[in-house]
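Numbering (this note's numbering), first residue to last: 177 to 422.
We treat Cβ as the ideally placed atom computed from N, Cα and C, and that holds for glycine.
Values in this document were obtained by computation on a predicted structure and should not be read as measured data.
Have a look at the structure below before the remarks.
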């Protein structure tokens, strides 16, 4: 091997590792969130603050089937099946739905090129009809629910309050602000604009396990809470979505 090729080999290895890291983290950086209006709910995959919604054919097809949706209304709790569409999973919901919750199943993320065990990524989404009304959290997941107090929300993990985690609240314009949950798991945000808000919380669990017939060494949870604020100041629009091939 020539000296020039020997010099280029470490650089090539670094570029390959960086490309692998990008592939591993691109989906992990995304979120899923719910929008519900007119009896139709849509579970999007992308980044709400950038107005990015992945599509099918494309990244939306990587999920292991259409996630089921838990709907809670005056009639009780119902399980709704979803359908893959062009830019979301879609569901037919009741007009009086109070809250919706979905957990999506994603293939294990291979991190062997970084000498790390596979990671289980668990994206979930909650929608509430009224952010001022208290909602019951899912006891088997990372969840974010309104407490019933103006602008106050609680982070819950496996049924218990989760303190000292960062919650990002994205306003209808895409502007965001972060707050850390207190000892009781609560955070408080001002919500001055009318329109849709999407809050996000993440949590990592180092407990190893097995999923999809394979072992993993870590679980990374990301859960969103979305709701529409009917009153408030008019908000600027979301930014233009990124161009294809972002």
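Can the beta-carbon of residue i be found less than 8 angstroms from the beta-carbon of residue j?
i	j	result
residue 462	residue 217	No information on residue 462 is available, as it lies outside the stretch 177 to 422 that the chain covers here.
residue 341	residue 332	no
residue 224	residue 230	no
residue 260	residue 236	yes
residue 298	residue 397	yes
residue 352	residue 412	no
residue 296	residue 264	no
residue 251	residue 215	no
residue 374	residue 355	no
Please report how far the alpha carbon of residue i lies from the alpha carbon of residue j, in whole angstroms.
i	j	result
residue 399	residue 380	12 angstroms
residue 394	residue 386	10 angstroms
residue 129	residue 367	In the structure as shown, the chain starts at 177 and stops at 422, and residue 129 therefore has no counterpart that could be examined.
residue 248	residue 269	10 angstroms
residue 274	residue 392	35 angstroms
residue 253	residue 358	30 angstroms
residue 197	residue 405	Legend: pLDDT at residue 197 = 35, less than 50; position of this residue unreliable, no value from coordinates given.
residue 388	residue 409	47 angstroms
residue 228	residue 415	9 angstroms
residue 316	residue 334	5 angstroms
residue 200	residue 372	With a pLDDT of 43 at residue 200, under the threshold of 50, the predicted position of this residue should be treated as unreliable, though the coordinate-derived value follows. Roughly 30 angstroms between the two C-alpha positions.
residue 292	residue 285	10 angstroms
residue 347	residue 407	13 angstroms
residue 288	residue 390	13 angstroms
residue 401	residue 213	15 angstroms
Since I believe residue j is in contact with residue i (beta carbons under 8 angstroms), could you give me their beta-carbon distance rounded to a whole number of angstroms?
i	j	result
residue 282	residue 238	7 angstroms
residue 329	residue 362	7 angstroms
Relative to the alpha-carbon of residue i, which residue among the options has its alpha-carbon at the smallest distance?
i	options	result
residue 377	286, 289, 391 and 318	318
residue 209	271, 416 and 345	345
residue 233	374, 262, 249 and 225	262
residue 313	302, 298 and 235	302
residue 338	304, 382 and 360	360
residue 326	309, 335 and 251	309
residue 419	284, 290, 226 and 343	226
residue 206	246, 280 and 403	280
residue 307	286, 365, 343 and 354	365
Problem set entry | Completely contained beta strand (DSSP E) runs for the segment 314-374, where each covers 3 or more residues | 318-322, 328-333, 342-346, 352-356 and 362-364
Problem set entry | Every unbroken beta strand (DSSP E) within the segment 224-268, with a cutoff of 3 residues, ordered by chain | 245-249, 252-256 and 265-268
For this session: Jot down the residue ranges of each uninterrupted alpha helix (DSSP H) in the segment 268-297, minimum 4 residues, whole runs only, in chain order.
Result: none
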